[in-house]
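*Asks:* Just dropping this structure here.
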Amino acid sequence: MIGKYALRFVALGYLAVLLVAPVSYVFWRTFEHGFGPAWDAVTAPDALHALKVTLILTAIAVPANTIFGVLCALAIVRYRFPGSGIVNAVVDLPLALSPVVVGLALLLLYGREGWLGGHRVVFALPGMVLATIFVSLPFVVREVVPVLREIGTEQEQAAATLGASAFQTFRRVTWPAIRWATAYGVVLTTARALGEFGAVSVVSGRITGETQSLTLYVQDRYQSFDEVGAYASAVVLALIAVATLILMTRLKPKEETR
Amino acid sequence: MAARAAVALPAPKARRPLAPGLAVGLSTLYLSVIVLLPLAALSWRAHGWDAITNDQAVSSLRLTVLASLVVALVNALAGTAIAWTLVRDRFPGQGIVNALVDLPFALPTIVAGLTLLALYGPRSPVGVNAAFTRWGILLALLFVTLPFVVRTVQPVLLELDREMEDAAASLGAGKVATFRRVILPNILPAILSGVALAFARAVGEFGAVVLISGNLPFKTEVVSVYVFGRIESGDPGGAAAASVVILAISFGVLLAIGGVRRLATRHDR
Amino acid sequence: MRRISLALLVVLIFPALAAGASRDVKLTLVAYSTPKEAYGQLIQAFQKTAAGKDVSFSQSYGASGEQSRAVAAGLDADIVAFSLAPDISSLVQKKLVASNWSKDKWGGMVARSVVVFVVRDGNPKKLRTWSDLLKPGVQVITPTPFTSGGARWNVMAAYGGALRAGKSPKQAIDYLGKLWKHVVAQPTSAREGLQTFLSGRGDVFLAYENEALFAQKKGQSVQFVIPKATILIENPIAVTTTSKNRAQARAFLKYLRTLPAQRIFAQNGYRPVVKGAARGLSFPNRTQLFTIKYVGGWPQVEKKFFDPRTGVMARIQGSSGG
Chain A
325 MIGKYALRFV ALGYLAVLLV APVSYVFWRT FEHGFGPAWD AVTAPDALHA
375 LKVTLILTAI AVPANTIFGV LCALAIVRYR FPGSGIVNAV VDLPLALSPV
425 VVGLALLLLY GREGWLGGHR VVFALPGMVL ATIFVSLPFV VREVVPVLRE
475 IGTEQEQAAA TLGASAFQTF RRVTWPAIRW ATAYGVVLTT ARALGEFGAV
525 SVVSGRITGE TQSLTLYVQD RYQSFDEVGA YASAVVLALI AVATLILMTR
575 LKPKEETR
Chain B
6 MAARAAVALP APKARRPLAP GLAVGLSTLY LSVIVLLPLA ALSWRAHGWD
56 AITNDQAVSS LRLTVLASLV VALVNALAGT AIAWTLVRDR FPGQGIVNAL
106 VDLPFALPTI VAGLTLLALY GPRSPVGVNA AFTRWGILLA LLFVTLPFVV
156 RTVQPVLLEL DREMEDAAAS LGAGKVATFR RVILPNILPA ILSGVALAFA
206 RAVGEFGAVV LISGNLPFKT EVVSVYVFGR IESGDPGGAA AASVVILAIS
256 FGVLLAIGGV RRLATRHDR
Chain C
26 MRRISLALLV VLIFPALAAG ASRDVKLTLV AYSTPKEAYG QLIQAFQKTA
76 AGKDVSFSQS YGASGEQSRA VAAGLDADIV AFSLAPDISS LVQKKLVASN
126 WSKDKWGGMV ARSVVVFVVR DGNPKKLRTW SDLLKPGVQV ITPTPFTSGG
176 ARWNVMAAYG GALRAGKSPK QAIDYLGKLW KHVVAQPTSA REGLQTFLSG
226 RGDVFLAYEN EALFAQKKGQ SVQFVIPKAT ILIENPIAVT TTSKNRAQAR
276 AFLKYLRTLP AQRIFAQNGY RPVVKGAARG LSFPNRTQLF TIKYVGGWPQ
326 VEKKFFDPRT GVMARIQGSS GG
C-alpha cells in the first residue's frame, strides 16, 4: 500500500535530514584530508587536557550519582517516609532546568559573594564537578525505581525472616534484580555527564588545560577558526556517544525493544 | 538462594533499624546539598525584575515559547510517524534506526549544534544557510527533542491490541477512520507526555542553539542565551529573576499539557 | 560497573595530581579574548629567559568584562591583562589589585591598538568614515559592550568620532543611537565578533586593529580601514594582590616591556608601547586620533555609558527594534 511506503519515507527522511546527514557530514569533513590532521588535532596538548577534564568530571559524577541513585530509589520505594513524593519530584528537577540556570544557581551559592563563597569552587574544577553531578543526577534513580516497584518486597521479606541482615538482603536479593536497570542508568548518567555544556559554561574559568572540558574545547576551537580542531574533537565526543548508544541498546529495559 | 540462607542461619535478628534511616537520610542530604541549596540561593538572590520585563527579555521569552511549541507540535507528528514505522513496519536496518533515535540523548548538545551548523550553516555544501535565523533555532531544537515522543509512543503502540483494529476493519472502517477512532485515543496520552517532555527540554536548551542561532537580540536570542548574557554582563541577580520567571512559565505550560492529557483520557477513568 | 568507575576515578586522579607538581612556579594569566596567540608566543619566549626558566603558565581568555567579573567572583589569577583600564580598576575596588598598579613608566599599559572598520574585500559599500556607517542598509557587527572590552572601545571611538566631526555631546549620543540601529549582531567578545563577520554576516565589523591583522594572517579575505577619527586603544596589565608568586609575576610584566617582547606584540598586530619595536612594520597614523581622555576619561565614561541599568548603552540597547 502506498500509505505504508509514504510513511516510511517521511519518517526515515526526517531522521536522515535532521540527524544522520549532519553527523555524517562532520565525520566526513574531519577525515577529508586523511587521518593525520584529525589525529594531530585531537592529540594537541589542549585537546588532551580537555579530554582529561571531561573524564575527571565524569569519573566523579557517575559513581556518586550511582550510589546515591540506588540509595534514593530504595528510600523512595521501600521505606515509605513523609516527603517521599517531594523527594521524587526533586530528583526530576535537573531534567526540567536549563543548564544555564543550574550554572547560575551554583555561581550564586559558591561565588565570592555567595552564601558558601570564599573557597575555590566556581571557576575551578570543583564547581564543574558539582554542575556535572547536578545535571546527571536523575538517571539511575529513575531507572531503578520502577524495577524496585515491580519486583515487590516478598523476596526481601523472606530473606529478612530467614535472618539475613539488611546488607545481605541487598547484596543477595535486591541487587541482582536491579543490576541491569542500574547499569542502564549508569550509561545514561555517563552520557549526560560527558556531554554537559551549558552549566559548565557558566562556572568554568575558561582556563585552558584546567577548567576547559572537551565540550567547551569544541566551542573554543570553532570560535578560533580552527574547524579541523573543532570537528575532530566533536568526532571524539560523537564516537563516545555512539559507544554509549550501543550500550544503551543492549541494556535497555525489555518493553522498549522488539 | 533459600538453601544458602538456610545453611548460614543465625537467630532471627531485630528488623534492620539502621538501614532505612540511613538510606533516607543520606539521599535527602545529597539531594539538598546538590540540588536544593543552589536553587534556594537562586531564588533568594533573584532581584531586579526589570531583567525579565525589558523588551529584549520579553522578546527572547516569546521566541523561546513559540519555538518550543512549534517544535513540540512537529515532534507530535514526526515522533508518532517514526514510532509507527519502528513498530508496525519491517525493513532491513530497522534495529539501527531504532538505536539512532536515541542519538540526541547521547550526543553532547554543542556537538549537535556544530553538526547542524556545518551542514546547514554558512559553509553548507547543500546551499542551506540557517545560521542567524529562526529556522536554525527550530533545527537545533528538533534535533535535541527528537527521541521524546518516539520513546513515549513506542511502548504503547507495541502493547496495542490489534483485535480492535481488526474489528473496526471488519465493520467497514477505512484506515484513516480506524486510526482516528481506535488507535489515536489510545496513543494520545503517550503523545501528550512526549510533547510535554519535548517542550520542557526545548525551552531550556542552550548548547545546540548557541552556535547556529547567532544570538541576535530581538531576532534569534532564546531565553537561555539571554540569561547567560545577563550573567556575563555582571547581573546575576537579574539573571536569577529571569530564571525564576521562566521556570514558572514552563511549569504553567506543563500543568496545562497535563490538564489536556487528563481531559483526553477522561473516558478511561 | 561501579567497580570499573571507581578504578577509573583512581587512575585519573593520580595523573591530575602529578601534573600539578611538575614545575616549580605556576602563574595564572587571565586575559581578554584577542591576545591569545600573542601571549602564547610571549610565554614561550619568557620561558627561554633566565627569569622565566622554571615558570609554567595557566591561561584563560574571554571577553574582558566577563573575565574581570570572573576574577572578582573567585577566579584565581596571578596576572590580569584586560582590554581597558576600568576592568582592572573594578578589581582595585575589591582589593584584588593594588591601587598603584598604573604608576609605572607605561601607565600600566602593555600594548596599544586603534579601532578600525573591518570590511569585505574591495570595501564595496565604501565605508570610510563614521557617518558612512549610517548609510541605508549598512549592517554593522560589534560585540556587546556589557561583556566585551573591544565593544566599549568601539562605542567611545564612535562617540569621539562624532565629536571630532563637530557634533555636540548630545548629538554624538544621538549618533550612537542611530548607529546601533544598524547593528545586526552583538556577540559576547571581540574574537566571537570576528567569527560572526567572517561567517558572512554584516558589511562592517568594528574591531581592534590587531584583530583585523590577525584575521588577515589567518588567510581570511578581509581588509580594514582606519577612520580618520579613531581612538587610541591602550591595554593594561597588572599583578594581583592574591598572587602567591608575585616576584615571578612581576618579572613577567617586566619582560613584556622589553624590546624583544614588544616586537612579538608588534608582529601580532599590536602597536607597541616601547619605541623602536615596530621597526619594519606598518602602523599608520591618523590625524584625528584621540585618547580616552578626549571623551572624558574612563571613570566618567564607564558610569555614564556602560552602567548595565542606567548607562547610555543600556538605554539604547534595551529599546525595542534593533
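Protein chains in written order, with our numbering: chain A, 325 to 582; chain B, 6 to 274; chain C, 26 to 347.
Backbone N, C-alpha and C define an ideal beta-carbon position, used for all residues, glycine too.
Considering only DSSP beta bridges, list what C:R145 is partnered with.
*Replies:* C:V247
*Asks:* Could you check whether the Cβ of C:E217 sits closer than 8 Å to any Cβ belonging to chain A?
*Replies:* yes
*Asks:* For the beta strand (DSSP E) containing C:T53, name the first residue and the last one.
*Replies:* V50 to A56
*Asks:* Using a Cβ-Cβ cutoff of less than 8 Å, which residues in the same chain neighbour B:S109 once the five nearest sequence positions on both sides are dropped?
*Replies:* It is worth fixing the name first, because residue 109 of chain B is Pro in this sequence and not Ser. Counting only Cβ-Cβ distances below 8 Å, and skipping sequence neighbours, we find A117, F148, V149, T150, L151 and P152.
*Asks:* I'd like to know whether the C-beta of A:E534 is nearer than 8 Å to at least one C-beta of chain C.
*Replies:* yes
*Asks:* Between which two residues does the alpha helix (DSSP H) harbouring B:F148 extend?
*Replies:* R139 to E164
*Asks:* Is there at least one Cβ from chain E nearer than 8 Å to A:V566's Cβ?
*Replies:* Protein chains A, B and C are contained in the structure displayed, whereas chain E is not.
*Asks:* Can you find a CB in chain A that lies within less than 8 Å of the CB of C:K243?
*Replies:* Judged by the 8 Å Cβ criterion, C:K243 is in contact with chain A.
*Asks:* Work out the CA separation of A:A368 and C:K150 for me, nearest whole Å.
*Replies:* 41 Å
*Asks:* Please return the same chain residues whose Cβ sits closer than 8 Å to the Cβ of C:T312, not counting the five positions on each side in sequence.
*Replies:* Taken in chain order, the residues that qualify are K253.
*Asks:* Can you give me the start and stop residues for the beta strand (DSSP E) that B:K175 sits inside?
*Replies:* Lys is not the amino acid found at residue 175 of chain B; the sequence shown has Ser there. Here B:S175 belongs to no beta strand (DSSP E); instead the alpha helix (DSSP H) covers R167 to S175.
*Asks:* Does the segment 187-207 of chain C come close enough to the segment 116-131 of chain C that 3 or more CB-CB pairs lie under 8 Å?
*Replies:* no
*Asks:* What does C:S83 reach in chain A if we use C-beta pairs closer than 8 Å?
*Replies:* C:S83 reaches chain A at I531, T532, G533 and E534, counting residues in chain order whose Cβ is nearer than 8 Å.
*Asks:* For chain C, find out if any of its Cβ atoms is closer than 8 Å to the Cβ of B:R266; answer yes or no.
*Replies:* No, no contact with chain C.
*Asks:* I need the DSSP call for A:Y403, collapsed to helix, strand or coil.
*Replies:* For A:Y403, the secondary structure class from DSSP, reduced to helix, strand or coil, is coil.
*Asks:* With a threshold of 8 Å between beta-carbons, can C:A46 be considered close to chain A, or not?
*Replies:* For C:A46, the predicted model reports a pLDDT of 45, less than 50, meaning its position is unreliable and no value from the coordinates is stated.
*Asks:* Tell me the DSSP secondary structure of C:N235 in three-state form.
*Replies:* Reduced to three states, the DSSP call for C:N235 is helix.
*Asks:* So which residues on chain C does B:L221 lean against when the C-beta distance must stay under 7 Å?
*Replies:* V209 and A210
*Asks:* Taking DSSP as the reference, what is the three-state secondary structure of C:F222?
*Replies:* helix
*Asks:* Give the DSSP bridge partners of C:L257, in chain order.
*Replies:* C:V139
*Asks:* Thinking C-beta only, is C:G77 closer than 8 Å to C:I262?
*Replies:* no
*Asks:* With which residues is C:Q84 paired in a DSSP beta bridge?
*Replies:* A:T532 and C:L54
*Asks:* Using a 10 Å radius around the Cβ and a threshold of 16 neighbouring Cβ atoms, would you call A:G337 buried or exposed?
*Replies:* exposed
*Asks:* Let me know if B:P97 comes out buried or exposed under the rule of 16 or more other beta-carbons within 10 Å of its beta-carbon.
*Replies:* exposed
*Asks:* Go ahead and label C:W178 buried or exposed: buried means 16 or more other beta carbons lie within 10 angstroms of its beta carbon, across all protein chains shown.
*Replies:* buried
*Asks:* Please classify A:A501: does DSSP put it in a helix, a strand, or coil?
*Replies:* If DSSP states are grouped into helix, strand and coil, A:A501 belongs with the helices.
*Asks:* Among A:I531, A:T535, A:R473 and A:T514, which has the Cα closest to the Cα of A:R402?
*Replies:* A:R473
*Asks:* Quick one: what does DSSP say C:R296 is sitting in, helix, strand or coil?
*Replies:* strand
*Asks:* Can you have a look at C:K195 and say buried or exposed, based on whether 16 or more other CB atoms are within 10 angstroms of its CB?
*Replies:* exposed
*Asks:* Measure the CB-CB distance between C:S93 and C:F107 and report whether it falls below 8 Å.
*Replies:* yes
*Asks:* Which residue from C:E217, C:I341, C:E234 and C:S89 puts its Cα closest to that of C:V143?
*Replies:* Proximity to C:V143 across C:E217, C:I341, C:E234 and C:S89 peaks at C:E234, based on C-alpha coordinates.
*Asks:* Give me, in chain order, the residues of the same chain whose beta-carbon lies closer than 7 Å to that of C:G336; leave out the 5 immediate sequence neighbours on both sides.
*Replies:* K329 and F330
*Asks:* In three-state terms, what does DSSP make of A:T354?
*Replies:* Here A:T354 sits in helix by DSSP.
*Asks:* Is any heavy atom of the ligand MN found at a distance shorter than 7 Å from the C-beta of B:L216?
*Replies:* Looking at this structure, you won't find the ligand MN or any other ligand, since it has none at all.
*Asks:* Alpha carbon to alpha carbon, what distance is there between B:S238 and C:L201?
*Replies:* 20 Å
*Asks:* Judging by CA-CA distance, which residue of A:T378, A:L343 and A:P346 is the nearest neighbour of A:T514?
*Replies:* Considering only alpha carbons, the answer is A:T378.
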